[in-house]
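Numbering (my numbering), first residue to last: 937 to 1676.
Positions of the beta carbon are idealized from the N, C-alpha and C atoms, including for glycine.
Reviewing the structure listed below.
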């Protein structure tokens, strides 16, 4: 007979990831006694039981100050490098005994220099502990350096400088801890910029002692994970930002009760957050101080919050997914954990039927449930006809560049002679075709966009143009599209507001009753507009947010590091109003990509051609799932990467970068979206399953709420499998498919 309940012993056997664990909160009392004797340091007591009581608090701990008193005892003996090495190794020993196979131990070097040791010496000592643990234990340890909110920005900047220099020696992240109230993370923006410019990951303690605004401030400082985040539920907009950006929360339930982030365990929002789609990663915070183990915290999920076995498995997987290591290692850790967990569950007669029902989730890792060997089967070759059947997602369809040519020629013919004389002369549609399909792509784009802009100034032409674009997309089975336009350049006869309202009205009329969703992204051509004009477009984004406008983007030129200061206030304004941002970057160098992610708060990068020149940036973009938007027929990208031995799209795809499809100016290429995808497949050696993965990435990367995107991914999954089966395919999944 099978059981649907886990015991503490079974949970201990399950591989787990520990992402939020303070080194000075994970020290054996016996070790403190021994170190104190060696260092001739006086402790409040030398009795082991009494010392244990002084180093541990109960669940009814009265307040945060009482909780923090426990650390005073430990830090007395953590001022010598050898002590840190020993404590680090023993923490890994205890973690491994609890079934933890990956751990990120964090500590603040600045708190361990009272004996005159440098930050580097302290960090080297922790690295020595890491090396010992990895060599002798069945665990993968890594280090997060903590800065302290109450310390000066100068000290924390120095910690950041030391931290990134050890990024290839076990240091994987940077944290800001300490009192939230009165010590905003913005004081330490220099430290965060140093870290992110070196593509090191950032987690910030927030939403524990202070409200949701603390989480919002942490996100403004480039946090890629949030430590605790318990009170994020107090502000729905901040909560949705965390969900939509897939920001993991490091949840420490028992600690949250002890520090009074929540009054009791019953009040903890962990289940509500999980149900809403938050990536909840269960952690301990301070195992010794809180008197907990990670396995015990998972048992609380089951016994107190009624998490089912499939849900517990998913939370465990969230922990590995959020690790601050390269994507390749993350996948390996996830696969190994899942395979071992399935063996443990089956050996202990645990009911896995619920996990089998979630098989699609694990199929994204290339796993079957339960694990079994399936001999490889050759699928039929990819055809244009197959692509024409698939539902599609287009994340950047430009108004200038997507209006059908017959319509543009009609607009031209209807121009008054005076206005027509200012444009190139076209007698027939073929003349316009020859003008637009110029061999020089840069010249073609400039001339063609200027022509389209001149013809798209009246309300009638704008409405007809929008309808023409939507009709083409509908015929090509586009079910979700982001229509990109710049309202302030279509104002010869209309205001910018009137232009937006025209576009939204036509979209509403066209899509009503159809299986098609179209949203608007307002864009700014950096080469054409001034920073003040870019700000005006941003203000229109905020004004029409919730009315059909879902994002802001920059196009046609990257913003250099030196010029970024002119746009920083605009990006801050957009972030404060929760507007998703896409930035064109990486055409000439990698620095513009760093700026876009750190100072521009970009969720998505358009272009990104030079990203592979920096291994750390490539790992960063891949691990944190920043989508790269690429046009399927971009000669511009090919020119930027002429020394590559494979296509740019293929390079990104093979490395695990989430690339998403955009048609961009598809009219200028005289190709449908299906034809663009087919050409991309031919150039890059993609088969049908590869192309399906790219389309799935597109659905996952839309500027919509997570639940909406998830629904469309599920639809695409079901539809694509059905279409593949109809076309003779028998193999459907591999390790890169259908990422959540």
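Please determine, among the options, the residue with the shortest C-alpha to C-alpha distance to residue i.
i, options, result
"residue 1603", "953, 1333 and 980", "1333"
"residue 1074", "1269, 942, 1012 and 1175", "1269"
"residue 1097", "1119, 1059 and 1071", "1059"
"residue 1635", "1583, 1331, 999 and 1217", "1331"
"residue 1080", "1088, 1068, 1070 and 1105", "1105"
"residue 1678", "1056, 1517, 1251 and 1228", "No answer is possible for residue 1678: the residues shown for the chain start at 937 and end at 1676."
"residue 1000", "1453, 1197 and 1322", "1197"
"residue 1216", "1498, 1195, 1367 and 1259", "1259"
"residue 1477", "1495, 1444, 1502 and 1518", "1518"
"residue 1588", "972, 1283, 1543 and 1099", "1543"
"residue 991", "1226, 1667 and 1248", "1226"
"residue 1409", "1051, 1193 and 1453", "1453"
"residue 1343", "1275, 1362, 1404 and 1624", "1404"
"residue 1177", "965, 1667 and 1643", "1643"
"residue 1088", "1221, 1046, 1382 and 1400", "1046"
"residue 1099", "1121, 1113, 1127 and 1474", "1127"
"residue 1083", "1121, 1077 and 1515", "1121"
"residue 1220", "1615, 1204 and 1191", "1191"
"residue 1463", "1475, 1495, 1428 and 1639", "1495"
"residue 1386", "1328, 1186 and 1461", "1461"
"residue 1600", "1646, 1329, 1625 and 1617", "1329"
"residue 1712", "1406, 1401 and 1382", "It is not possible to answer for residue 1712, since the shown part of the chain is limited to 937 through 1676."
"residue 1291", "1317, 1320, 1253 and 1318", "1253"
What would DSSP say about residue i, mapped onto helix, strand or coil?
i, result
"residue 1042", "strand"
"residue 1498", "coil"
"residue 1032", "helix"
"residue 1402", "helix"
"residue 953", "strand"
"residue 1672", "Annotation note: pLDDT 37 at residue 1672 (below 50); position unreliable, no value reported."
"residue 1462", "coil"
"residue 1415", "strand"
"residue 1335", "coil"
"residue 1623", "coil"
"residue 1658", "helix"
"residue 1481", "strand"
"residue 1157", "coil"
"residue 1164", "strand"
"residue 1189", "helix"
"residue 937", "coil"
"residue 1653", "helix"
"residue 1262", "coil"
"residue 877", "What is shown of the chain runs 937 to 1676, which leaves residue 877 out entirely."
"residue 1288", "coil"
"residue 1467", "helix"
"residue 1556", "helix"
Which same chain residues end up closer than 8 Å to residue i when comparing Cβ atoms and leaving out the 5 residues on each side of it in sequence?
i, result
"residue 1558", "1262, 1263, 1591, 1592, 1593 and 1594"
"residue 1675", "Low confidence applies here, because residue 1675 scores a pLDDT of 46, under 50, leaving its location unreliable; read the following figure in that light. The residues are 1300, 1561, 1594, 1632, 1633 and 1636."
"residue 1659", "1322, 1325 and 1326"
"residue 1146", "1116, 1117 and 1167"
"residue 1257", "1184, 1215, 1266 and 1270"
Return the chain-ordered list of same chain residues with a C-beta closer than 6 Å to the C-beta of residue i, the five sequence neighbours on each side being excluded.
i, result
"residue 893", "Because the chain is modelled from 937 through 1676, residue 893 falls outside the range shown and cannot be assessed."
"residue 1457", "1418, 1420, 1487 and 1489"
"residue 1665", "1315"
"residue 1021", "1061, 1064 and 1065"
"residue 1516", "1487, 1539 and 1639"
Closer than 7 Å by C-beta to residue i: which residues in its own chain qualify, once you throw out the five before and the five after it? Chain order, please.
i, result
"residue 960", "1007, 1010, 1011, 1014 and 1043"
"residue 1535", "1500, 1504 and 1507"
"residue 1388", "1336, 1337, 1339 and 1344"
Answer yes or no: the CB of residue i versus the heavy atoms of the ligand SAM, is any distance below 6 Å?
i, result
"residue 1337", "What this structure holds is no ligand at all, so the ligand SAM is not there to describe."
Counting contacts by CB-CB distance shorter than 7 Å, is residue i in contact with chain B?
i, result
"residue 1031", "No chain B is present in this structure, which holds just one protein chain."
Do the stretch 940-947 and the stretch 995-1004 meet, that is, are 3 or more Cβ pairs less than 8 Å apart? no
Go through the stretch 1588-1620 residue by residue and report every complete run of the alpha helix (DSSP H) that reaches 4 residues or more, in order. 1602-1605 and 1609-1620
Quick check: the stretch 1131-1140 against the stretch 1063-1070, are there 3 or more CB pairs under 8 Å? Output reads no: the stretch 1063-1070 does not touch the stretch 1131-1140.
Take every Cβ of the stretch 1024-1031, pair it with every Cβ of the stretch 1172-1191, and state whether three or more of those distances are shorter than 8 Å. Proximity of the stretch 1024-1031 to the stretch 1172-1191 falls short of the contact definition, fewer than three beta-carbon pairs being nearer than 8 Å.
Could you tell me whether the stretch 1388-1406 touches the stretch 1426-1437, using the rule of 3 or more Cβ pairs below 8 Å? yes
I'd like to know if the stretch 1274-1292 and the stretch 973-990 are in contact, where contact means that at least 3 CB-CB pairs between them fall below 8 Å. The answer is no - the stretch 973-990 does not touch the stretch 1274-1292, with fewer than three Cβ pairs under 8 Å.
Going along the chain, which unbroken runs of the alpha helix (DSSP H) with 4 or more residues stay wholly within the stretch 1501-1550? Complete alpha helix (DSSP H) runs here, min 4: 1504-1512 and 1527-1534.
Alpha helix (DSSP H) runs contained entirely in the stretch 1190-1230, provided each spans 4 or more residues: The DSSP assignment places 1206-1212 and 1223-1226 as complete runs of the alpha helix (DSSP H) inside the stretch 1190-1230, in order along the chain (cut-off: 4 residues).
In chain order, which continuous runs of the beta strand (DSSP E) of length 3 or greater are located wholly inside the stretch 1097-1137? 1107-1113
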